[in-house]
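If you read the sequences in order, they're chains D and V.
Residues in the first sequence are numbered consecutively from 15, following the numbering used here.
Residues in the second sequence are numbered consecutively from 15, following the numbering used here.
Take a look at the structure set out below.
2 protein chains.
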Amino acid sequence: MNSIRVFAPATVSNVSCGFDVLGFAMDGPGDEVQLTLTSDQEIKIRSILPASVKLPMSVEKNTAGVAVKSLLSAIGSKQGVDIELAKNLPLGSGMGSSGASAAAALVAINELLGNPLSRNELIPHAMEAERIACGSAHADNVAPSILGGFVLVREYDPLDVISIPIKAKLWCSLVHPHIELKTKDSRKVLKPQILLTDAVKQTGNIAALMIGLMKPDSDLISKSLQDAIAEPWRAKFIPGFDEIKKVAAAHGALGSGISGSGPSIYALSETKVIAQKVGDQIQAIFRKNKINSEVYVSAISDQGAH
Amino acid sequence: MNSIRVFAPATVSNVSCGFDVLGFAMDGPGDEVQLTLTSDQEIKIRSILPASVKLPMSVEKNTAGVAVKSLLSAIGSKQGVDIELAKNLPLGSGMGSSGASAAAALVAINELLGNPLSRNELIPHAMEAERIACGSAHADNVAPSILGGFVLVREYDPLDVISIPIKAKLWCSLVHPHIELKTKDSRKVLKPQILLTDAVKQTGNIAALMIGLMKPDSDLISKSLQDAIAEPWRAKFIPGFDEIKKVAAAHGALGSGISGSGPSIYALSETKVIAQKVGDQIQAIFRKNKINSEVYVSAISDQGAH
């Protein structure tokens, strides 16, 4: 085999009480990468589709390129590779777009080379891509995109990423409003210090969320999907945010919040029917605020890039 | 039945990354309460043993008395009760001493009255006793003393207490050094604001601890038993603290830390043999610092007061 096509799913990070530590993967949508081994010892970005997507073709600036280069360099390989990227995820959406391309490219190159690295070992190379894309080598998008499911980033130094053995069956509605929100701005509103009482709330809720996901206990999941750290400051960037939360709950979602650093909104529900309705209702509120949006509904992935 | 004897166990609260939200119950030691129904519509503290213990005999100031009074008042009963208290737990030790007396008294009166309340419903009355004993109506000692096992206090308003369905088999070494440390002083060193990065560390670790306890995964429990919020400030109150942590780990403990607001030290281990050795080693360090101490070793209780 010298060519392979890999799909890597969109991801939701900063899952409410899991600010900076918790993410999960959708079953779809996602980015696709076609990788072909070549004999010329060079990594090349051959094409990026659709043509409307403005992403760098330079290997050093494209997340798929950076990731593949980082992996090959780590294992001391001078293998040549052609990369074709089908970019289905919107950029700057809070849906883990940059991470998905890197995840797909890494799983592809690893597979073509006979899997010299484990899935967990791919994560640091995807983080290098995140560093290029958004200035910080964070793992809470790339880890779920590579591993699937709910993933906890317990610690960065040394990196400790844990696949959470959840028993809850959950569906996600992901709604991407067409507003621009730079990660930089979204990060800037967070204060370097927070109230001790808010930190205690956050620890109580994330502990309860873990119990709820593993037991499983829908009621507990629902009660614990709260964010005392980021959401109170970031809500102002999302028109109609308070109404969105209320409407999502009223239509049966267990919880909802900002996906990543926004502007997308995620909601978790117990069935596909509820998730679809919740997504439609959130879209309706954006429409009321004169904002177009796309709605994606899928189960939580039980596999990562494939 | 008009008389009953109830034992309520010592508890460890502020379990490392579970500052203010996580506690667990020992199998022993604990306080014992003998309750006898009387016909004179009065609650009386009849005796407190051993005689050396200096605790108020007034119902309004004694935690067992306050708890029983709160419960009877809530259910509109004017039942008379005689309370005899066998106080086995050292006061101001960080072992949940005040909470254990209240827990024992509540389970006793509830039993004598035919269990009008559930175990969870007893907790608010025990919290009233904590308010008298230490100025704040906290639940992270009384809840595990009443319910047994590991208990999460997710939220205070409204109170939401969750028994954690742990699968890990754990033993606790609890070492009580004879030094005085007032809860007030222990509380005073904590800052009302903390670094966002420390809050993120704490959430990552408590999430991992829940996964470790439920899966179970000893390695994960061990890695996650860290406290970024309270321990860095409170360590100075415990002579030899850094050495204690190192020695506990070196002798096989999964983790260790300050019990409650101190000065007692807890350590968690996978077997009784390891827990005993770890306890002895911690005691040896206190001895080196010219401090006497008691060592208690027990399994984590799977039942509360009984």
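We treat Cβ as the ideally placed atom computed from N, Cα and C, and that holds for glycine.
Predicted model, so just to flag it, every value in this text is computed and none were measured.
**Report entry** Proximal chain D residues relative to Met224/V, where beta-carbon distance stays under 7 Å
**Finding:** For the purposes of this step, residue 224/V is taken as residue 210 along the second sequence, with counting starting at 1. Those within 7 Å of Met224/V in chain D are Ala221, Met224 and Ile225.
Query raised in the report: Cβ of Arg168/D less than 8 Å from any chain V Cβ?
Result: Along the first sequence, read from residue 1 onward, the residue named residue 168/D stands at position 154. Yes, Arg168/D lies at the interface with chain V (some Cβ there is under 8 Å from its Cβ).
**Report entry** In DSSP terms, what Val287/V is bridged to
**Finding:** Start at 1 with the first residue of the second sequence, and residue 287/V comes out as number 273. Residue pairing for Val287/V: DSSP places it in no beta bridge.
Requested in this report: To the nearest angstrom, report how far apart Leu282/V and Leu268/V are at their CA atoms.
Outcome: What you label residue 282/V is simply residue 268 of the second sequence in a count that begins at 1. What you label residue 268/V is simply residue 254 of the second sequence in a count that begins at 1. Linking Leu282/V to Leu268/V through their CA atoms gives a straight-line distance of about 6 Å.
**Report entry** Residue of Ser307/D, Leu184/D, Glu245/D and Glu142/D minimising C-alpha distance to Leu120/D
**Finding:** Numbered from its first residue, the first sequence carries residue 120/D at position 106. Answer by Cα proximity: Glu142/D.
Query raised in the report: Hey, out of Val175/D, Thr52/D, Gly163/D and Ala147/D, whose CA is closest to Leu126/D's CA?
Result: Sequence index remark: in the first sequence, residue 126/D carries index 112 (1-based). Closest option to Leu126/D, Cα to Cα, is Thr52/D.
Requested in this report: Using a threshold of 8 Å, state whether the C-beta atoms of Ser111/V and Leu103/V are closer than that.
Outcome: Stepping through the second sequence from its first residue, residue 111/V is reached at position 97. Stepping through the second sequence from its first residue, residue 103/V is reached at position 89. Going by C-beta atoms, Ser111/V is nearer than 8 Å to Leu103/V.
**Report entry** Phe300/D - DSSP class collapsed to helix/strand/coil
**Finding:** Locating residue 300/D in the first sequence gives position 286, counting from the first residue. In the structure shown, Phe300/D falls within a helical segment according to DSSP collapsed to helix, strand and coil.
Query - Whole-angstrom distance between Thr77/D and Ala151/D, CA atom to CA atom - result: Sequence index remark: in the first sequence, residue 151/D carries index 137 (1-based). Sequence index remark: in the first sequence, residue 77/D carries index 63 (1-based). The straight-line gap from Cα to Cα measures roughly 12 Å.
Query raised in the report: For Ser278/D, does the count of other Cβ atoms within 10 angstroms reach 16, so buried, or fall short, so exposed?
Result: By one-based count along the first sequence, residue 278/D stands at place 264. When all chains shown are included, Ser278/D counts as buried.
Report task. Compare the C-beta of Leu209/V with all C-beta atoms of chain D and state if any pair is closer than 8 Å. Result -> Within the second sequence, residue 209/V is the residue found at index 195, counting from 1. For Leu209/V, the closest Cβ of chain D is nearer than 8 Å.
Report task. Could you work out which residue in Glu284/V, Gly90/V, Ala242/V and Val309/V is closest to Gln295/V when comparing CA atoms only? Result -> Counting from one through the second sequence, the residue named residue 295/V turns up at place 281. Considering only alpha carbons, the answer is Val309/V.
Report task. Could you name the residues of chain D that Gly163/V contacts, counting a contact when the two beta carbons are closer than 9 Å? Result -> Taking the second sequence and counting its residues from 1, one reaches residue 163/V at position 149. Close partners of Gly163/V in chain D (Cβ separation under 9 Å) are lacking, with about 12 Å as the shortest Cβ gap.
Report task. Please confirm if the region 54–67 of chain D is in contact with the region 80–95 of chain D, defined as three or more CB-CB distances below 8 Å between the two stretches. Result -> Output reads yes: the region 80–95 of chain D touches the region 54–67 of chain D.
**Report entry** Close-in-space but distant-in-sequence residues of the same chain around Lys215/V (CB under 7 Å, 5 per side omitted)
**Finding:** By 1-based counting over the second sequence, the position of residue 215/V is 201. Residues of the same chain with a CB within less than 7 Å of the CB of Lys215/V, apart from the 5 flanking positions on each side, are Ala242 in chain order.
Requested in this report: Select from the region 58–73 of chain D all residues with a C-beta closer than 8 Å to any C-beta belonging to chain V, and list them in chain order.
Outcome: Legend: CB atoms of the region 58–73 of chain D lying less than 8 Å from CB atoms of chain V are not found in any residue.
Query raised in the report: Going along chain V, which residues have a C-beta under 9 Å from Leu36/D?
Result: Against the first sequence, residue 36/D aligns to sequence position 22. Thr217, Gly218 and Ala221, listed in chain order.
Query raised in the report: Apart from the five residues on each side of it in sequence, which residues of its chain come closer than 7 Å, Cβ to Cβ, to Gly44/V?
Result: Mapped onto the second sequence, residue 44/V falls at position 30. Excluding sequence neighbours, Gly44/V sits near Phe21, Ala22, Pro23, Ala24, Asn102, Leu103 and Ala114.
Query raised in the report: Along the chain, which unbroken stretches of the beta strand (DSSP E) at least 3 residues long are found entirely within the region 118–205 of chain D?
Result: The region 118–205 of chain D contains these whole beta strand (DSSP E) runs: 164–170, 173–177 and 185–191.
Requested in this report: Using a Cβ-Cβ cut-off of less than 8 Å, list which residues of the region 173–189 of chain V approach chain D; keep chain order.
Outcome: Here the close residues are Asp174, Ile176, Ile178 and Pro179.
Query raised in the report: Can you list the residues of chain C that Lys229/D reaches, using a CB-CB cut of under 9 Å?
Result: As a matter of chain content, chain C is missing from the structure shown, whose protein chains are D and V.
Query - For Val165/D and Ile176/D, the rounded distance between their alpha carbons - result: Here residue 176/D is taken as the residue at index 162 of the first sequence, counted from 1. Here residue 165/D is taken as the residue at index 151 of the first sequence, counted from 1. When the Cα atoms are used, Ile176/D and Val165/D turn out to be separated by approximately 6 Å.
Query raised in the report: Closer than 8 Å, CB to CB, is Leu234/V near chain D or not?
Result: What you label residue 234/V is simply residue 220 of the second sequence in a count that begins at 1. Look at Leu234/V: its C-beta is under 8 Å from a C-beta on chain D.
**Report entry** With 16 other Cβ atoms within 10 Å as the buried cut-off, status of Ser66/D
**Finding:** Within the first sequence, the letter at position 52 stands for residue 66/D. Result: exposed.
**Report entry** Short Cβ contact (8 Å threshold) for Ser307/V with Gln297/V
**Finding:** Numbered from 1 along the second sequence, position 293 holds the residue referred to as residue 307/V. Numbered from 1 along the second sequence, position 283 holds the residue referred to as residue 297/V. Between Ser307/V and Gln297/V, the C-beta spacing is below 8 Å.
Requested in this report: Kindly confirm or deny that the region 225–238 of chain D and the region 250–270 of chain D touch, where touching means at least three C-beta pairs closer than 8 Å.
Outcome: Yes, since at least three Cβ pairs between the region 225–238 of chain D and the region 250–270 of chain D fall closer than 8 Å, the two stretches touch.
Query raised in the report: Residues of chain D with CB under 7 Å from Pro206/V, in chain order?
Result: Here the question's residue 206/V lines up with position 192 in the second sequence. Simply Leu209 and Leu210.
Query raised in the report: What span of residues does the beta strand (DSSP E) with Ser17/D cover, start to end?
Result: Mapped onto the first sequence, residue 17/D falls at position 3. Ser17/D: member of the beta strand (DSSP E) spanning Ser17 to Ser27, first to last residue.
Query raised in the report: Using the beta-carbon count (16 or more within 10 Å), is Lys259/D buried or exposed?
Result: Here the question's residue 259/D lines up with position 245 in the first sequence. Counting every other CB atom within 10 Å of its CB across the protein chains shown gives Lys259/D a total of 16 or more, marking it as buried.
Query raised in the report: List, in order along the chain, the chain V residues whose C-beta lies closer than 9 Å to that of Ser273/D?
Result: Translated into positions along the first sequence, residue 273/D becomes position 259. Result: empty, since nearest Cβ-Cβ is about 18 Å, beyond 9 Å.
Requested in this report: Kindly say whether Lys237/D, judged by its beta-carbon, lies nearer than 8 Å to any beta-carbon of chain V.
Outcome: Numbered from its first residue, the first sequence carries residue 237/D at position 223. For Lys237/D, the answer is yes, since a Cβ of chain V falls inside 8 Å of its Cβ.
Query raised in the report: Taking the beta strand (DSSP E) that Ser270/V falls in, what are its first and last residues?
Result: Locating residue 270/V in the second sequence gives position 256, counting from the first residue. Its beta strand (DSSP E) spans residues Gly269 to Ile272.
Query - Candidates Ser312/D, Ile305/D and Ser275/D, of which the one nearest Val292/D by Cα - result: Translated into positions along the first sequence, residue 292/D becomes position 278. Ranking the options by Cα distance to Val292/D, first place goes to Ser312/D.
Report task. Output yes or no for whether 8 Å exceeds the beta carbon distance between Leu184/D and Glu284/D. Result -> Working through the first sequence from its first residue, we reach residue 184/D at position 170. Working through the first sequence from its first residue, we reach residue 284/D at position 270. Yes, these two residues count as a Cβ contact at 8 Å.
Requested in this report: Could you pull the start and end residues of the alpha helix (DSSP H) that Asp212/V belongs to?
Outcome: Position 198 of the second sequence, counted from the start, is the residue given in the question as residue 212/V. Looking at the DSSP string, the run of the alpha helix (DSSP H) that includes Asp212/V is Leu210 to Met228.
Query raised in the report: For Asn16/V, which option in Phe33/V, Ile123/V, Leu36/V and Gly79/V has the closest C-alpha, if you only look at C-alpha atoms?
Result: Stepping through the second sequence from its first residue, residue 16/V is reached at position 2. Considering only Phe33/V, Ile123/V, Leu36/V and Gly79/V, the residue with the shortest C-alpha distance to Asn16/V is Ile123/V.
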